[in-house]
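Notes for the one structure printed next.
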Amino acid sequence: MSTTIDDEVTSGTPKKPTKRQRQAAGIAEAASGGVKMLLVKVLMLGIVDAIAVYAIFILITSDQWLVAGIVGVVTAIVNWIYFSRTKLPAKYLTPGVIFLVIFQVFVLVYTGYIAFTNYGTGHNGSKEQAVSSLMSSALERVPDSPTYEVTVVDQFGELGLLVTDPDGEASVGTTDSPLTEVDAEMEGGKAVAVDGWTTLSFADVIARTDEITELAVPFSDDPNEGAIRTPDGSSGYLYLSNLEYDAAAGTMTDLSTGTVYSDLGTGAFTSDDGEQLLPGWQIVVGFDNFVRAVTDERLAGPLLYVTLWTFAFALISVASTFFLGLFLAIVFNDLRMRGRKYYRVLMILPYAVPSFLSALVWAGMMNESFGFINQVLLGGASVPWLTDPVVAKISVLVVNLWLGFPYMFLVCTGALQSIPEELQEAATVDGARPWAVFRLIKLPLLLVSVAPLLIASFAFNFNNFNVIYMLTDGGPRDSNAPIPVGFTDILISMVYKVAFTGQSRDYGLASAYSIIIFIVVAVISVIAFRRTKSLEELN
Amino acid sequence: MRVNTKSLLAAGAVAVVATLGLASCAAGDSGDGGDAASSTLTVWVDAERVDALQGAADAYSEKNGVKVELVGKDNADIKDDFIQQVPTGKGPDITMGAHDWLGELSTNGVVAPIELGDSAGDYLPVAIDASTYEGTVYMLPYAVENIAVIRNTDLVPEAATSYDDMIAKGQAAGLTQPFVVEQGAEGNPYHLYPFQTAFGAPVFGTNDEGYDATDLQLGSAGGEQFATWLASQGKNGTGVFNTDVDGDIAKQAFLDGTAAFWLTGPWNVGSAVDAGLNVAIDSVPSPTAEVASPFAGVKGFFVSSESKNKVAANDFLVNFLGTEEVQLELFKAGNVLPALSAAAETASSDPIIEGFAAVGAEAVPMPAIPAMGSVWQYWGIAEADIINGADPVATWQKLTADVQAAIG
């Protein structure tokens with residue numbers, strides 16, 4: 000490898016620019032296309048193509064045409080790029096772009112889409128699924144009706160049930176023809192075969208599950224007497240349905256009360272007085288979720304203090320971690336200190352422990368009656384670390400400081416080391432005192448490189464769900480609020496509680512909230528980045 | 000600039016392979032699901048019970064030629080994954096679950112009714128009640144779980160006759176905190192419910208279809224009496240109940256012998272026995288003359304509404320998992336009382352199981368109706384407030400009003 004590049008340097012210098020460029024491109028191509036490399040390339044692309052063909056084949060057999068098409072097109076483009084002699088930048092970018100699309104763009108677009116639907120509890124699937132689910136739960140076994148032993152039989156492809164009633168009488172019927180008595184071959188009191196019909200084995204029954212699930216043999220000519228169905232292929236029960244679906248009109252009728260439920264575009268069958276039959280189905284609801292997100296009355300009270308606390312939490316966390324990290328970085332940057340390496344390693348330790356784990360450990364240590372801090376460090380005091388509204392806020396900030404300062408320490412150490420020593424020497428020669436050197440020279444230079452990271456840190460802490468959820472779960476609870484919100488809840492953890500309370504999951508609302516929060520954070524970050532640009536110009 | 004073009008290119012190629020590999024994996028799963036639907040039953044099982052079911056699954060495959068594929072899943076993920084995946088057609092045919100999921104599963108239309116037929120009478124009544132939602136059975140029950148008092152027989156050899164007797168006996172044995180029950184900053188109404196029922200204040204009234212969401216009993220006079228009693232046992236009273244005591248702290252106190260009575264479930268008995276303690280299972284000592292009934296949680300199996308294999312699924316559940324032999328097999332793995340009466344009787348030869356079964360006979364199924372979600376939301380925090388010294392009657396009235404408003 001290094002020889003080819005040396006070639007480039009030696010052979011490239013005496014030539015004219017255009018020719019030289021052409022040659023360089025040729026060499027670069029040769030570098031990537033040596034015989035060995037070419038073989039590896041062909042092999043790799045062969046594997047990629049083989050996998051892609053297999054994927055397309057499987058996708059097509061399961062009717063996923065769109066995905067199959069996308070995989071096909073992407074594979075074709077990948078082949079074209081890597082077999083081409085010129086597409087050098089694309090060769091570098093393609094893998095990254097593919098990952099970006101799968102793991103970032105798709106997720107964002109999908110979240111955006113969900114925000115405009117009513118996806119959540121009760122609106123989980125398609126309309127057909129809702130109808131079939133409603134119809135199957137509407138079946139009610141006729142009270143006091145016996146269990147009928149049944150055998151599934153077939154006549155010219157039409158399924159029927161050979162039913163043995165408790166008196167031992169056999170009768171046969173299909174979905175269209177009610178039960179009629181027949182002389183059947185009996186085995187142990189159960190009719191197992193009848194002339195003119197083929198008895199299905201258990202394997203046949205399993206293979207024709209769909210038809211058998213639909214099979215309902217009317218008990219008599221009177222539909223009000225119900226129909227026999229078999230859930231397991233061997234026992235039959237008499238059912239009556241109390242819902243009727245009119246596919247043409249798209250309405251559900253409750254047969255016991257006569258109420259008509261129709262599809263009014265609300266994503267569920269709705270009666271005239273607004274009563275809904277659940278499950279409903281997923282529909283696109285436009286901006287409804289966004290309107291609900293900002294007009295929800297339950298949020299009116301808590302929203303204000305939660306927003307204030309979110310900003311306070313994010314700002315204080317950034318400031319405290321930055322200044323502690325910076326202070327330690329300066330201290331450990333002093334050449335006169337011995338064993339700096341070991342101290343630095345110690346400083347970084349909190350960063351190495353997963354934050355989920357440390358938050359839970361802290362939660363244990365801060366338990367009021369049994370925690371390590373109260374019991375051992377404070378000798379049996381009972382400081383309500385996590386249960387008093389004000390103290391809990393301080394605890395959250397302290398834990399977040401512990402979790403966050405090593406990052407700032409690392410960043411500041413790096414930035415400080417990149418500031419030339421001469422500047423400090425020059426300033427000292429000019430008579431500046433250490434504080435002035437720091438405030439007027441080091442800090443501004445430091446901020447140029449660190450300010451963007453502070454903004455990123457703000458955005459991260461603004462949505463720092465893990466620490467809040469693991470440490471206090473938003474508690475202590477505000478028992479006056481109409482939603483289960485607490486005094487340390489930040490916006491994102493409050494949203495989680497609003498969208499996923501109790502047994503209801505409202506994915507549409509949750510997505511809408513996360514988009515709103517994203518916009519807030521994005522606006523703040525853009526403004527802040529603008530400000531840092533002016534900082535750079537000053538210097 | 001030295002750029003290692005070849006290795007970068009190789010890395011790129013590897014990345015592409017990985018990407019497409021991922022895509023094909025995803026595709027492969029769906030393909031398998033589609034093909035296999037005709038002859039394979041996919042069953043989602045709590046990862047800890049896969050081994051227990053494996054024998055039964057193999058036996059069923061041998062008997063009927065239907066392959067049963069068990070997929071072990073983290074118990075905490077099963078419900079949400081099931082709700083999300085069933086509508087896509089890629090979910091399992093059957094899933095293991097708990098009866099209190101029923102309201103949510105049914106509202107989402109992801110479960111199909113199960114007809115137990117005449118065998119319904121063979122199960123414990125509480126199991127059948129719990130498996131029924133709005134008059135329809137959706138679950139094949141296999142185990143019934145409830146809490147009871149575990150007593151350290153070395154410290155207190157005799158069972159307590161009432162709540163006050165329990166505290167007195169414990170104190171006589173020289174313990175300052177003889178009784179522990181797990182709470183937490185947001186309370187734990189599940190573990191306090193037996194005491195609440197002793198004051199005659201269930202959460203909901205019942206009608207012939209099960210719990211009735213329109214009949215909230217929480218705020219009855221008994222509820223306020225319970226709140227007053229709870230306050231008297233809290234921070235400003237005897238201090239028996241403490242919101243700082245969570246599950247681990249309660250367990251440690253019992254294992255260390257600083258507490259002789261522990262209100263908990265069968266899942267914790269193992270650790271007490273392993274620690275070498277001699278324990279007995281007692282019913283919950285009542286603070287009143289009434290019986291203290293805990294909630295019963297029933298575990299079972301649901302059939303997916305989108306299963307392509309409903310006949311086999313129903314046959315597997317009702318005619319196979321509902322047999323005494325298989326229920327006992329599951330019992331051996333989980334040590335939780337079987338839901339089938341005959342199996343429950345056999346299992347009760349173990350004194351610990353017998354103890355829990357005796358308490359379970361007094362238990363009531365935990366409500367599965369969606370309105371219960373609104374109750375949980377406010378219930379624990381109100382009880383925690385009362386334990387920590389808030390005005391009991393006013394707090395309880397606010398709890399009732401909040402729940403009523405949330406149910407609508």
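Residue numbers (numbering that gives the first Met the number 0), protein chains in the order written: chain A, 0 to 538; chain B, 0 to 407. For every residue, glycine included, the Cβ atom is placed at its ideal position computed from N, Cα and C.
Legend entry - Reference Asp300(B); option with closest CA among Asp401(B), Ala271(B), Ile77(B): Residue numbering aside, residue 300(B) sits at position 301 when the second sequence is read from its first letter. Asp is not the amino acid found at residue 300(B); the sequence shown has Phe there. Ile77(B) is the residue among Asp401(B), Ala271(B), Ile77(B) whose C-alpha sits nearest the C-alpha of Phe300(B).
Inset, instruction - Output yes if chain A places a C-beta closer than 8 Å to the C-beta of Asp243(B); else output no. - result: Within the second sequence, residue 243(B) is the residue found at index 244, counting from 1. For Asp243(B), the nearest CB of chain A lies under 8 Å from its own CB, placing it at the interface with that chain.
Legend entry - chain C within 8 Å of Ser136(A), Cβ atoms only: No chain C is present in this structure, whose protein chains are A and B.
Legend entry - Pairwise C-alpha distance: Trp64(A) and Ser1(A): Position 2 of the first sequence, counted from the start, is the residue given in the question as residue 1(A). Position 65 of the first sequence, counted from the start, is the residue given in the question as residue 64(A). Interpretation of Ser1(A) is limited by its pLDDT of 40, a score under 50 that renders its predicted location unreliable; the figure taken from the coordinates is listed afterwards. Spanning the two alpha carbons is a distance of roughly 47 Å.
Legend entry - Three-state secondary structure assigned by DSSP to Met138(B): Along the second sequence, read from residue 1 onward, the residue named residue 138(B) stands at position 139. In the three-state reduction of the DSSP assignment, Met138(B) falls in the strand class, which pools E and B.
Inset, instruction - Mind listing the chain A neighbours of Lys250(B)? Cutoff is C-beta to C-beta under 7 Å, in chain order. - result: Reading the second sequence from its first residue, position 251 is the one you call residue 250(B). None at all; the shortest Cβ gap to chain A is about 12 Å.
Legend entry - Span separating the alpha-carbon of Lys35(A) from that of Val41(A): Start at 1 with the first residue of the first sequence, and residue 35(A) comes out as number 36. Start at 1 with the first residue of the first sequence, and residue 41(A) comes out as number 42. In a straight line, the C-alpha of Lys35(A) is about 10 Å away from that of Val41(A).
Inset, instruction - Find the residues of chain B that neighbour Asn123(A), judging by a C-beta separation of less than 9 Å, and give them in chain order. - result: Taking the first sequence and counting its residues from 1, the one referred to as residue 123(A) is at position 124. Using a Cβ-Cβ cut-off of 9 Å, Asn123(A) is close to Ile82, Gln83, Val85, Pro86, Thr106, Asn107, Gly108, Val109 of chain B, given in chain order.
Legend entry - Inter-stretch contact (C-beta, 8 Å, three-pair minimum) for the stretch 348-365 of chain A and the stretch 132-148 of chain B: As far as the Cβ criterion goes, the stretch 348-365 of chain A does not touch the stretch 132-148 of chain B, which means the pair count is below three.
Inset, instruction - Compile a chain-ordered list of the residues in the stretch 305-320 of chain B whose CB is closer than 9 Å to at least one CB of chain A. - result: Those would be Glu305, Ser306, Lys307, Asn308, Lys309, Val310, Ala311, Ala312, Asn313, Asp314, Phe315, Leu316, Val317, Asn318, in chain order.
Legend entry - Which listed residue (Leu254(A), Ser255(A), Ala248(A)) has its alpha carbon closest to that of Ser261(A): Your numbering for residue 261(A) matches position 262 in the first sequence. Checking every option, the nearest Cα to that of Ser261(A) belongs to Ala248(A).
Legend entry - Partner residues on chain A for Asp384(B), Cβ-Cβ distance less than 8 Å: As a position in the second sequence, residue 384(B) is number 385, starting the count at 1. Those are Ser478, listed as they occur along chain A.
Inset, instruction - Please go through the same chain and pick out, in chain order, the residues whose beta-carbon is closer than 7 Å to the beta-carbon of Gly235(A), but skip the five residues on each side of it. - result: If you number the first sequence from 1, residue 235(A) lands on position 236. Residues Tyr147, Val149, Leu160, Val162, Ile227, Arg228, Thr229 of the same chain have their beta carbon placed closer than 7 Å to that of Gly235(A), with the five preceding and five following residues left out of the count.
Legend entry - Option in Glu361(B), Lys168(B), Pro193(B) with minimal Cα separation from Ala126(B): Stepping through the second sequence from its first residue, residue 126(B) is reached at position 127. Considering only Glu361(B), Lys168(B), Pro193(B), the residue with the shortest C-alpha distance to Ala126(B) is Glu361(B).
Legend entry - Contacting positions in the stretch 170-190 of chain B - beta carbon closer than 7 Å to chain A: Listed by position along the chain: Ala184, Glu185.
Legend entry - Spatial distance of Tyr512(A) from Asp79(B) (CA atoms): Locating residue 512(A) in the first sequence gives position 513, counting from the first residue. Locating residue 79(B) in the second sequence gives position 80, counting from the first residue. It is roughly 20 Å from the alpha-carbon of Tyr512(A) to the alpha-carbon of Asp79(B).
Inset, instruction - Helix, strand or coil for Phe461(A), going by three-state DSSP, please let me know. - result: For the purposes of this step, residue 461(A) is taken as residue 462 along the first sequence, with counting starting at 1. It is helical.
Inset, instruction - Would you verify that the beta carbon of Glu103(B) is, or is not, closer than 8 Å to some beta carbon of chain A? - result: Stepping through the second sequence from its first residue, residue 103(B) is reached at position 104. Closer than 8 Å to the CB of Glu103(B) there is at least one CB belonging to chain A.
Inset, instruction - Could you pull the start and end residues of the alpha helix (DSSP H) that Ile93(B) belongs to? - result: As a position in the second sequence, residue 93(B) is number 94, starting the count at 1. It is not in any alpha helix (DSSP H) - Ile93(B) instead sits in the beta strand (DSSP E) that spans 93-97.
Legend entry - Below-8 Å beta-carbon distance, Pro112(B) vs any chain A residue: Working through the second sequence from its first residue, we reach residue 112(B) at position 113. Look at Pro112(B): its C-beta is under 8 Å from a C-beta on chain A.
Legend entry - Val305(A), enclosing alpha helix (DSSP H) - first and last residue: Taking the first residue of the first sequence as 1, we reach residue 305(A) at position 306. Val305(A) -> alpha helix (DSSP H) spans 299-332.
Legend entry - Distance, Glu185(B) Cα to Leu8(B) Cα: Within the second sequence, residue 8(B) is the residue found at index 9, counting from 1. Within the second sequence, residue 185(B) is the residue found at index 186, counting from 1. Interpretation of Leu8(B) is limited by its pLDDT of 45, a score under 50 that renders its predicted location unreliable; no figure is taken from the coordinates.
Legend entry - Neighbour flag for Thr410(B) against chain A, beta carbons, 8 Å: There is simply no residue 410(B) to check, as chain B begins at 0 and stops at 407 in what is shown.
Legend entry - First through last residue of the beta strand (DSSP E) which encompasses Glu139(A): Counting from one through the first sequence, the residue named residue 139(A) turns up at place 140. 138-140 is the extent of the beta strand (DSSP E) around Glu139(A).
Inset, instruction - Below 8 Å CB to CB, which residues in the same chain sit around Ile385(B) once its five sequence neighbours on both sides are set aside? - result: Your numbering for residue 385(B) matches position 386 in the second sequence. Within the same chain, and ignoring the five residues on either side of Ile385(B) in sequence, the residues whose Cβ sits closer than 8 Å to its Cβ are Ala226, Leu229, Ala230, Gly233, Pro391, Thr394, Trp395.
Inset, instruction - Please determine, among Gly45(A), Thr412(A), Val436(A), the residue with the shortest C-alpha to C-alpha distance to Gln423(A). - result: Residue numbering aside, residue 423(A) sits at position 424 when the first sequence is read from its first letter. For Gln423(A), the nearest C-alpha among the options comes from Val436(A).
Legend entry - CB of Phe198(B) within 8 Å of CB of Gly221(B), strictly: The residue given as residue 198(B) occupies position 199 in the second sequence. The residue given as residue 221(B) occupies position 222 in the second sequence. Going by beta carbons, Phe198(B) and Gly221(B) fall inside the 8 Å limit.
Inset, instruction - Return helix, strand or coil for Ala212(B), following the three-state DSSP convention. - result: Within the second sequence, numbered from 1, the residue matching residue 212(B) stands at position 213. Ala212(B): strand per DSSP, three-state reduction.
Legend entry - Distance CB(Ala46(B))-CB(Lys72(B)) smaller than 8 Å: Counted from its first residue, the second sequence places residue 46(B) at position 47. Counted from its first residue, the second sequence places residue 72(B) at position 73. Cβ atoms of Ala46(B) and Lys72(B): closer than 8 Å.
Inset, instruction - Pair every Cβ in the stretch 279-293 of chain B with every Cβ in the stretch 351-366 of chain B, then say whether three or more of these pairs are closer than 8 Å. - result: Yes: the two stretches touch, three or more of their Cβ pairs being nearer than 8 Å.
Inset, instruction - Tell me whether the beta-carbon of Ala258(B) lies closer than 8 Å to the beta-carbon of Phe330(B). - result: As a working note, residue 258(B) is residue 259 in the second sequence. As a working note, residue 330(B) is residue 331 in the second sequence. Going by C-beta atoms, Ala258(B) is not nearer than 8 Å to Phe330(B).
Inset, instruction - Pick helix, strand or coil for Asp262(A), following the three-state DSSP scheme. - result: Locating residue 262(A) in the first sequence gives position 263, where the first residue counts as 1. Assignment of Asp262(A) by DSSP, reduced to helix, strand and coil, places it in the strand class.
Legend entry - Distance CB(Asn462(A))-CB(Ile516(A)) smaller than 8 Å: Locating residue 462(A) in the first sequence gives position 463, counting from the first residue. Locating residue 516(A) in the first sequence gives position 517, counting from the first residue. Cβ distance < 8 Å, so Asn462(A) and Ile516(A) count as in contact.
Inset, instruction - Would you be able to state if there are at least three C-beta pairs under 8 Å between the stretch 167-177 of chain B and the stretch 247-265 of chain B? - result: Three or more beta-carbon pairs separated by less than 8 Å link the stretch 247-265 of chain B to the stretch 167-177 of chain B, which places the two stretches in contact.
Legend entry - Identified DSSP bridge partners for Ser234(A): Position 235 of the first sequence, counted from the first residue, corresponds to residue 234(A). Beta-bridge annotation (DSSP): Ser234(A) is paired with Glu148(A).
Inset, instruction - Let me know the alpha helix (DSSP H) ranges lying completely inside the stretch 72-149 of chain A, each 4 residues or longer, listed in chain order. - result: The stretch 72-149 of chain A contains these whole alpha helix (DSSP H) runs: 87-99, 105-114, 126-137.
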